[in-house]
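Novice: Numbering that gives the first Met the number 0 puts the first residue of the sequence shown at 0, with every later residue one more than the last.
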Amino acid sequence: MISSPRVLRDQGYHYQYQELGDLEVRLVRVFPERKTRIKCEIIHASLENCPEYIAISYAWGDAGNTRKIQLEGFLVSISVSLYGALDALRQKDRSILVWVDALCIDQSNKNERTQQIQLMTSIYKTADSMAIWLGPEADDSDMATDLLRAVADHASSPEKVSRLLSSQVGKRNLAGVVSLFERDYWKRLWVVQEIFNASSITVYCGSTKLPWSVYQKASATFGRHRADLDNYFPGGQMIDRRLTIAPTQFSYTQVLLYQGPGSLPNLKSYIELTQGSLLEVLRACRRKLASDPKDKLFGVLGILPEETRMEFRADYSLSVKDVYTEVVDYLLKTTDRVDVICDAIHFPVHTGSANLPSYVPDWSHIPQTAAMGDKYNFTASRDKKANCKFLDERLNKLELSAIYLDKISLHGMAVGTLCTIGDYLMAFLHWRALLLGNLENEPEEISLMVQDDFCRTLSLGQVPLRWGEKHQWMTVCYYVFASLLRERLPHMSLDRKLAGYADAKLGLGIDNRRQFLQKHFGDQMMGRCFCRTGNGWFGMGSGFMLPGDFVVVPLGCSTPVLLRQEGTRGEYRFVGDVYIHGYMHGRAVDELRDGKREVLKYILR
């Protein structure tokens, strides 16, 4: 049933919404193109018996940059971005029905927002089609879409794609694709759910439109041709100076592979995990942006299995703290694991407004690092189930059981998250100096063994098989760092042993050495620092660590973690996860079984 809304007029140009029924939504009827100004009306419809409509997916854009439409006799201001989307969809000879959040949901009504968010999955699944609006034509976007179509058409022919990308026209148009993939639309969190639930999608940009499948196929094809892209555009530079990427941003190739359609996670594998899918989806979508911090949860509910969705209600009257703490509570109870606390990343220090307990991840914060256990498949507690409970109704204090390992004795300088090669090189020198200070009187064989462990620690134990033999990884590690130090800082004198490694002949050119360092050490060092425990174990952990921090393996956790004692009541602050060389795959559990270690309880706040 479709019902016409009752419009409540007031002073000025302000449209009054009529209350919605339980399964009702509003749809916007966009009238045929007669004049420049867009003219439309709002109708109500039941999702159980809905007319055909198009769901619009777009980036809101600058709230202060608006244009007016005529809505049932009222002049209503909408964002320029939405105006462009409506104008692109408007037909010359017939009306169309669209659903678009800014007009179809009373954004000032929290109760209505809550009710409509619950229907979001159905709204996009029920729509006859979905229209993605990327924005107006800009930065050669018309030529960019031509290239996307050509790449998709030749996706099954690697030779043709290589020729296309290497041609002068291809290189020029790729600059436009990079700009297209960097548009704000791809950064939105809600996009993930909208695309996931839509059945038929068309992508509009300016006056051009393409099926979504073309964008998907072209993005996947870029991934298969990474070597070509790296070869044609060494160092990530673009051929258009206006579009050259700054050192702190993604490289040319990275944009083509990991932004645009490549920034959307493959969620089908996650939702098959049932209970664990919530954490995986939150992690996969963490870099996406939402204007309301609570939407970092509410915006992914439509992706999750129904049994998970039923446990959460998109209630905007809740505080951010309540929403994020409920996520931890749910995951602890349903997965028997505490891995979620490792996503509470505190370095670099960021100031949130939610006043969260230290063990609750702030999903509105976008860190440059990620939990180690998720990325590297560590199994520090093996199959031990979590043993934890909240000690108060507000979920401010969490008691967990963990195997005590040691305390941090010393640590080196922390590597930041806006890193250059120079940052990694300086950290390496500082950390190695800490190491060598304790090796002066050791036999050569012991010294080499310790230095090999040091190099394995720098890479978080991720040593390629080809370099896995005795001392091979140390040789490669020292060669890469020493040779880059010599080239970057030619006036710095290296010690005799390091200088010897710089002269090794391992066949890696300077670009290859930089890439090797970034892949095998840079990503692992970012946001972390080298440390040593009281018993002499090497580690890599949060740059937020301090001497005296406790190193423990929580039951039901993939990695050891750092805890800092606070106050005199035996309570602790969660500092971050930590790599402890030799303890990432169950050694603590083995020692517990053999009576060499014990499980203690820690109260986190």
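The beta-carbon is built from N, C-alpha and C at its ideal position, and this holds for glycine as well.
Bear in mind the structure is a predicted one, so any value in this text is a computation, not a measurement.
Assuming PRO356 contacts LEU179 under a Cβ cut-off of 8 Å, what Cβ separation, rounded to an integer in Å, is found between them?
Specialist: Not a contact, Cβ separation roughly 41 Å.
Novice: Give me the Cα-Cα distance between VAL327 and THR558, rounded to the nearest whole angstrom.
Specialist: 17 Å
Novice: Please report the distance separating the alpha-carbon of LEU331 from that of ASP145.
Specialist: Separation of LEU331 and ASP145 (C-alpha to C-alpha, rounded to the nearest whole angstrom) is 49 Å.
Novice: Beta-carbon within less than 6 Å of ARG336's beta-carbon, same chain only, minus the 5 sequence neighbours each way: which residues are those?
Specialist: ALA385 and GLY555
Novice: Could you pull the DSSP bridge partners for CYS103 from this structure?
Specialist: Beta-bridge pairing links CYS103 to no other residue.
Novice: Residue ranges of each alpha helix (DSSP H) run of no fewer than 4 residues wholly in the stretch 498 to 535, ordered along the chain?
Specialist: 509 to 516
Novice: DSSP three-state call for ILE365: helix, strand or coil?
Specialist: Looking at ILE365 - three-state DSSP - the assignment turns out to be coil, as it is neither helix nor strand.
Novice: Assign MET129 to buried or exposed, taking buried as 16 or more other Cβ atoms, counted over all protein chains shown, within 10 Å of its Cβ.
Specialist: By the 16-neighbour rule on beta-carbons within 10 angstroms, MET129 is buried.
Novice: Taking the straight line between their C-alpha atoms, what separation do you get for GLY411 and THR474?
Specialist: 22 Å
Novice: Tell me the residue span of the alpha helix (DSSP H) that contains PHE180.
Specialist: 167 to 180
Novice: Who are the Cβ neighbours of GLU590 in its own chain at under 6 Å, not counting the five residues just before and after it?
Specialist: ARG596
Novice: Could you tell me which of GLY533, GLY566, GLU565 and ALA289 sits nearest to VAL550, measuring between CA atoms?
Specialist: GLY533
Novice: Taking the alpha helix (DSSP H) that SER56 belongs to, which residues open and close that run?
Specialist: Segment 53 to 57 is the beta strand (DSSP E) holding SER56; no alpha helix (DSSP H) there.
Novice: Bridge partners of MET539, per DSSP?
Specialist: PHE529 and TYR578
Novice: For GLN17, name the three-state secondary structure that DSSP assigns.
Specialist: Correct three-state label for GLN17: coil.
Novice: What are the boundary residues of the beta strand (DSSP E) that ARG586 is part of?
Specialist: That residue, ARG586, is in no beta strand (DSSP E); its alpha helix (DSSP H) goes 586 to 592.
Novice: Quick one: give me the first and last residue of the beta strand (DSSP E) that HIS43 is part of.
Specialist: 38 to 45
Novice: Who are the near neighbours of ASP452 in its chain, counting only those whose CB is closer than 7 Å to its CB and skipping five residues on each side?
Specialist: PHE537 and HIS580
Novice: Identify every residue that forms a DSSP beta bridge with ILE340.
Specialist: ILE340 is not bridged to any residue.
Novice: For PRO135 and GLY535, I'd like the C-alpha separation in whole angstroms.
Specialist: 60 Å
Novice: With 16 other CB atoms within 10 Å as the buried threshold, where does PRO246 fall?
Specialist: Caution is warranted here: a pLDDT of 36 is assigned to PRO246, below 50, making its placement in the model unreliable, and no coordinate value can be reported.
Novice: Where DSSP assigns a beta bridge to CYS387, which residues make up the other side?
Specialist: LEU399
Novice: In terms of residues, what are the limits of the beta strand (DSSP E) holding THR350?
Specialist: No beta strand (DSSP E) holds THR350; DSSP gives it neither H nor E.
Novice: Where DSSP assigns a beta bridge to VAL202, which residues make up the other side?
Specialist: ILE131 and LEU209
Novice: Ignore the nearest five residues each way along the sequence and tell me which others in GLY298's own chain have a CB closer than 7 Å to its CB.
Specialist: LEU188, TRP189, GLN192 and ALA289
Novice: Which stretch, first to last residue, makes up the alpha helix (DSSP H) that contains ARG455?
Specialist: 443 to 457
Novice: Taking the alpha-carbon of GLU608 as reference, which of THR456, HIS470 and ASP502 has the nearest alpha-carbon?
Specialist: The requested residue 608 does not occur in the structure, where the chain is confined to residues 0 to 604.
Novice: Quick check: the Cα distance between TRP98 and TYR582, rounded to an integer number of angstroms?
Specialist: TYR582 has its alpha-carbon roughly 53 Å from the corresponding atom of TRP98.
Novice: Ends of the beta strand (DSSP E) at LYS600?
Specialist: 598 to 603
Novice: My assumption, with CB atoms under 8 Å, is that VAL254 sits in contact with VAL177. Please give the rounded CB distance.
Specialist: 5 Å
Novice: Count the other C-beta atoms from every protein chain shown that fall within 10 angstroms of the C-beta of ALA62, then say buried if there are 16 or more, exposed otherwise.
Specialist: exposed
Novice: With PHE549 as the anchor, note down where its beta strand (DSSP E) starts and where it stops.
Specialist: 549 to 553
Novice: Return the CA-CA distance between TYR477 and LEU497, expressed in angstroms with no decimal places.
Specialist: 7 Å
Novice: Determine the extent of the beta strand (DSSP E) in which THR65 is found, giving its start and end residues.
Specialist: Unbroken beta strand (DSSP E) run through THR65: 65 to 70.
Novice: What would DSSP say about GLN10, mapped onto helix, strand or coil?
Specialist: Only weak support is given to the placement of GLN10: the predicted model assigns it a pLDDT of 36, under 50, and the value that follows is read from those uncertain coordinates. Residue state, collapsed to three classes: coil.
Novice: Provide the residue span of the alpha helix (DSSP H) that contains GLN258, from first to last.
Specialist: First-last for GLN258: undefined, no H or E at that position.
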